[in-house]
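Let me begin by presenting the structure, written as structure tokens, before commenting on it.
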Amino acid sequence: MDRVKRIKKDKNADKRMKITNSFPVVKRSLFQTSPESISPDCKKCIQSPFLDEDKENEGDSPFSLYQTSKVFKSKSNQQNSESSTSRGDETPFKESNIVRRRICDIQMQSPENSKAIKLALQKDLVTLISLNGDMKPCILPTVQGKHPELNSVTPDVVVNLLSGKYPYKCTLIDCRYPYEYEGGHIHNAINLYHTDLAEENFFNSLSHNMIGNRDIWVFYCEFSSERAPNMMRYIRQRDRKINTESYPALFYPEIYLLEGGYKSFFSSFKMFCEPQSYLKMVDKRFTDKLAEFRKKSKVCNLFEWQS
9 MDRVKRIKKD
19 KNADKRMKIT
29 NSFPVVKRSL
39 FQTSPESISP
49 DCKKCIQSPF
59 LDEDKENEGD
69 SPFSLYQTSK
79 VFKSKSNQQN
89 SESSTSRGDE
99 TPFKESNIVR
109 RRICDIQMQS
119 PENSKAIKLA
129 LQKDLVTLIS
139 LNGDMKPCIL
149 PTVQGKHPEL
159 NSVTPDVVVN
169 LLSGKYPYKC
179 TLIDCRYPYE
189 YEGGHIHNAI
199 NLYHTDLAEE
209 NFFNSLSHNM
219 IGNRDIWVFY
229 CEFSSERAPN
239 MMRYIRQRDR
249 KINTESYPAL
259 FYPEIYLLEG
269 GYKSFFSSFK
279 MFCEPQSYLK
289 MVDKRFTDKL
299 AEFRKKSKVC
309 NLFEWQS
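Following this line, the structure appears as structure tokens:
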């Protein structure tokens, strides 16, 4: 008799082990399906006494967890709907959600409307990119570069500027460190590698007659990935701050970033560089200079950005 009980007990232990091992799989399947789609046998297995022996974990069966989560979600949805109706038109976030749903409904109902919406969004994006600082069309043809918020131009456009094909005054700003600049730069470029020099050259002698001028400023560094974009952002921020009361008017609306930087320009138009050479920032001969100028530019930039 004891032997029979022991055999039954071992069999029950095996069943319990199998069910508990299958618990995560059953739980995942339940959370991905509805209760109606669960077979009675599966429910019976899930609500088996082997899982309910421990009264402390009574509500931890997968089916009970599923039902609890469903009730919780329904309650939270009711609360959200009540709060949204009580707030009314005071919450633009909810309005934007409604607009998105309506657009999705239009897209589901009519493929032609979906295409029209996409084309309109693309046109708006192109228009936004082709505007300068004072919200007027850019003088120069721009491209989509590494920094979408900045107007970028190709080396060909810069060569056309240097060749006089555009009837506008153009100034090139080289944002590399002095030893890089001396090792080779674009013809007539000015070396401004930190914000103190930018303040001196851009904002020390301003007049209201300069607002809205069409002079062109092209910024670049070695790859136009960090130093030149940061300098451009600083110039635009200071310009906006000075002209807060006359927004969107600016002293320097036509500022551009040379896509690919000096490296890209030098590889295609070496004849427009002086001297005709290219010195890398990380050249081992100038390790000390790199540390010195990098520290100086960081200190100046930090001070100016905080002020």
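Residue numbers for the sequence shown follow my numbering, so the first one is 9 and each next one is one higher. All C-beta atoms, glycine included, are put in the ideal place defined by N, C-alpha and C.
Closest by CA to residue i, which one among the options?
{"i": "residue 277", "options": "150, 167, 140, 291", "result": "167"}
{"i": "residue 258", "options": "270, 244, 264, 265", "result": "244"}
{"i": "residue 211", "options": "250, 300, 226", "result": "250"}
{"i": "residue 284", "options": "231, 248, 189, 223", "result": "189"}
{"i": "residue 197", "options": "220, 303, 179", "result": "179"}
{"i": "residue 233", "options": "280, 184, 279, 200", "result": "184"}
{"i": "residue 145", "options": "222, 274, 187, 200", "result": "222"}
{"i": "residue 224", "options": "203, 271, 176, 240", "result": "176"}
{"i": "residue 217", "options": "294, 187, 260", "result": "260"}
{"i": "residue 293", "options": "187, 148, 172", "result": "187"}
{"i": "residue 282", "options": "174, 209, 228, 192", "result": "192"}
{"i": "residue 273", "options": "143, 164, 142", "result": "164"}
{"i": "residue 199", "options": "181, 238, 279, 296", "result": "181"}
{"i": "residue 286", "options": "247, 296, 275", "result": "275"}
{"i": "residue 142", "options": "247, 156, 280, 297", "result": "247"}
{"i": "residue 156", "options": "227, 237, 215", "result": "237"}
What residues are listed by DSSP as bridge partners for residue i?
{"i": "residue 198", "result": "181"}
{"i": "residue 282", "result": "193"}
{"i": "residue 290", "result": "Partner(s): none; residue 290 has no beta bridge."}
{"i": "residue 147", "result": "None; residue 147 has no bridge partner."}
{"i": "residue 160", "result": "151, 265"}
{"i": "residue 139", "result": "145"}
Excluding sequence positions up to five away, which residues of its chain have a Cβ less than 7 Å from the Cβ of residue i?
{"i": "residue 160", "result": "150, 151, 153, 264, 265, 267"}
{"i": "residue 162", "result": "151, 267"}
{"i": "residue 305", "result": "201, 202"}
{"i": "residue 295", "result": "none"}
{"i": "residue 280", "result": "167, 170, 194, 195"}
{"i": "residue 303", "result": "none"}
Since residue i and residue j should fall inside the 8 Å C-beta cutoff, what is the C-beta to C-beta distance between them, to a whole number of angstroms?
{"i": "residue 299", "j": "residue 242", "result": "The pair is not a contact, with the Cβ atoms about 22 Å apart (cut-off 8 Å)."}
{"i": "residue 195", "j": "residue 158", "result": "Incorrect: roughly 23 Å between the Cβ atoms, too far for contact."}
{"i": "residue 231", "j": "residue 271", "result": "6 Å"}
In chain order, what residues of the same chain have a beta carbon less than 6 Å from the beta carbon of residue i, not counting five sequence neighbours either side?
{"i": "residue 62", "result": "Bear in mind that the predicted position of residue 62 carries a pLDDT of just 42, short of 50, making it too unreliable to give a figure here."}
{"i": "residue 235", "result": "183, 229"}
{"i": "residue 297", "result": "187"}
{"i": "residue 131", "result": "Residue confidence is low: residue 131 scores 46 on pLDDT, short of 50, so the model does not pin down where it sits. No coordinate-derived value is stated."}
Compute the minimum distance between the beta carbon of residue i and the heavy atoms of the ligand NAD, and state whether it is under 7 Å.
{"i": "residue 282", "result": "Ligands are entirely absent from the displayed structure, and the ligand NAD is therefore not among its contents."}
Whose C-beta lies closer than 8 Å to the C-beta of residue i among residues of the same chain, with five residues either side of it excluded?
{"i": "residue 8", "result": "The chain is shown only over 9 to 315; residue 8 falls outside these bounds and no answer can be derived."}
{"i": "residue 288", "result": "188, 230"}
{"i": "residue 219", "result": "251, 254, 257, 258, 259"}
{"i": "residue 240", "result": "158, 227, 263, 265"}
{"i": "residue 214", "result": "250, 259"}
{"i": "residue 290", "result": "298"}
{"i": "residue 269", "result": "228, 229, 230, 231, 232, 233, 236"}
{"i": "residue 209", "result": "198, 200"}
{"i": "residue 172", "result": "none"}
Does any residue of chain D have a CB that is nearer than 8 Å to the CB of residue i?
{"i": "residue 283", "result": "The chain labelled as chain D is not found in the depicted structure, where only one protein chain is given."}
Practice prompt. Enumerate, from N- to C-terminal direction, the unbroken beta strand (DSSP E) stretches of 3 or more residues contained entirely within the segment 253 to 278.
Written response: Taking only runs of at least 3 residues, the beta strand (DSSP E) segments lying wholly in the segment 253 to 278 are 263 to 266.
Worksheet entry | Segments of 4+ residues assigned as alpha helix (DSSP H) that fall wholly inside the segment 194 to 241 | 203 to 210
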